[in-house]
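2 protein chains.
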Amino acid sequence: MLNYQAIDECFRALAEPARRAILERLSEGPASVSTLAAPFDMTLAAVVQHIQVLEKCGLVRSEKIGRSRVCRVNPTGLDVVSDWVGLRRSMVERQLDRLGALLAEQPADDADQPNTERTDP
Amino acid sequence: MLNYQAIDECFRALAEPARRAILERLSEGPASVSTLAAPFDMTLAAVVQHIQVLEKCGLVRSEKIGRSRVCRVNPTGLDVVSDWVGLRRSMVERQLDRLGALLAEQPADDADQPNTERTDP
DNA sequence: TTGATAGTTAAGCATGAACTTTAGTGCCCT
DNA sequence: AGGGCACTAAAGTTCATGCTTAACTATCAA
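Chains U and L, in that order, give the protein sequences. For the record, in the first sequence the residue sitting at position 58 is 124 according to the numbering used here, with numbers rising by one throughout. For the record, in the second sequence the residue sitting at position 85 is 151 according to the numbering used here, with numbers rising by one throughout.
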């Protein structure tokens with residue numbers, strides 16, 4: 067399994083609407099800190115803190131140019147969360163396939179209660 | 067854009083390691099509340115609360131059978147987050163493509179500083 | 001140099017969320 | 001019936017974190 071810490075930090079970062087909004091804005095193109103802050107009803111300092119969170123977990127990269135900082139998305143930053151979600155989805159799919167196979171095998175019982183799987187009660 | 071509330075609830079739910087662990091366990095197959103609680107160093111009540119969060123945002127479904135509750139993943143539950151992540155990734159890709167095209171067009175300037183894009187400073 | 005711009009950092013507050021404890025409810029088994 | 005099991009609900013506690021204010025640094029422009 068991939069670095070647990072990284073997954074945790076990414077999901078934590080994405081839990082905040084403001085940080086997702088920043089990421090949405092940045093996925094349209096690079097922007098300075100104050101440009102990113104503009105649409106928000108919060109202090110510049112608060113936005114800076116959000117950016118720092120995004121940067122610490124690798125979702126965003128930035129470089130200081132003159133007195134302004136240009137932020138951009140890290141193109142591979144979302145990979146961890148994408149991988150996690152993808153793995154879950156494929157496992158669930160496999161689960162449903164197994165269930166379907168079992169139902170096709172023995173179409174005897176009540177079809178509305180697919181309790182053919184072990185449930186460890 | 068898809069329901070903003072749903073996206074928010076899903077990402078919030080996934081921010082908690084315990085809830086991700088529950089989802090991981092459930093993507094292997096259905097399980098009862100106490101089965102889900104077993105590996106955790108926390109009260110059954112706490113786990114119940116986590117399950118309620120997961121259920122409220124549509125990541126998990128459950129049904130009461132006798133005195134136990136059987137939980138299973140909602141196969142389409144992760145779609146919202148998957149879609150959000152996918153959209154970001156495709157936008158970033160498009161962004162990189164545009165940048166590449168611009169660089170190919172005018173290979174004049176310093177190649178290490180791809181500031182050909184507008185940055186609204 | 002002076003002033004304004006752009007961001008950074010630290011400290012403190014205040015809300016929310018995770019967890020516990022406690023006290024139930026309903027179901028199953030003997 | 002009655003004891004125990006599986007869960008639920010409510011209330012309280014504690015701790016994290018998102019936000020603010022305030023003070024500070026570095027850069028640009030006149």
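For every residue, glycine included, the Cβ atom is placed at its ideal position computed from N, Cα and C. Small disclaimer: the values here were computed from a predicted structure and weren't measured.
Put U/R164 into one of helix, strand or coil per three-state DSSP.
On the first sequence, position 98 is the one that residue 164 of chain U refers to. It is helical.
Could you tell me if U/Q71 is buried or exposed, where buried requires 16 or more neighbouring beta carbons within 10 angstroms of its beta carbon?
Translated into the one-based positions of the first sequence, residue 71 of chain U becomes position 5. By the neighbour-count rule (16 or more Cβ atoms within 10 Å), U/Q71 is not buried but exposed.
Starting from U/S134 and walking both ways along the alpha helix (DSSP H), at which residues does that stretch end?
Counted from its first residue, the first sequence places residue 134 of chain U at position 68. Unbroken run through U/S134 is the beta strand (DSSP E), S134 to V139; no alpha helix (DSSP H).
Which residues of chain U have a Cβ atom closer than 7 angstroms to the Cβ of L/R135, listed in chain order?
By one-based count along the second sequence, residue 135 of chain L stands at place 69. Correct list: empty, because the minimum Cβ distance to chain U is about 10 angstroms.
Cβ separation of U/L144 and L/R154, assumed to be a contact under 8 angstroms, to the nearest whole Å
Along the first sequence, read from residue 1 onward, the residue named residue 144 of chain U stands at position 78. Along the second sequence, read from residue 1 onward, the residue named residue 154 of chain L stands at position 88. About 6 angstroms separates the two Cβ atoms, so the contact holds.
If you measure beta-carbon to beta-carbon, which residues of the region 92-113 of chain U are closer than 7 angstroms to chain L?
The residues in question are S93, E94, G95, P96, A97, S98 and T101.
Can you tell me whether L/S98 is helix, strand or coil according to DSSP?
Counting from one through the second sequence, the residue named residue 98 of chain L turns up at place 32. In the three-state DSSP reduction, L/S98 falls in the strand class (E or B).
Listed by chain order, chain L residues near U/L168 by CB distance under 9 angstroms
Mapped onto the first sequence, residue 168 of chain U falls at position 102. Result: empty, since nearest Cβ-Cβ is about 12 angstroms, beyond 9 angstroms.
Any beta carbon of chain L sitting closer than 7 angstroms to that of U/Q161?
As a first step, residue 161 of chain U must be located in the first sequence, where it is residue number 95. So yes, U/Q161 belongs to the interface.
Check whether chain L comes within 7 angstroms of U/L165, counting only Cβ atoms and requiring the distance to be less than that.
As a first step, residue 165 of chain U is located in the first sequence; it is residue number 99 there, counting from the start. So, not an interface residue.
Which ranges does the beta strand (DSSP E) cover as unbroken runs of at least 3 residues, wholly within the region 68-128 of chain U, from first to last along the chain?
Segments of the beta strand (DSSP E) lying fully in the region 68-128 of chain U: there are none.
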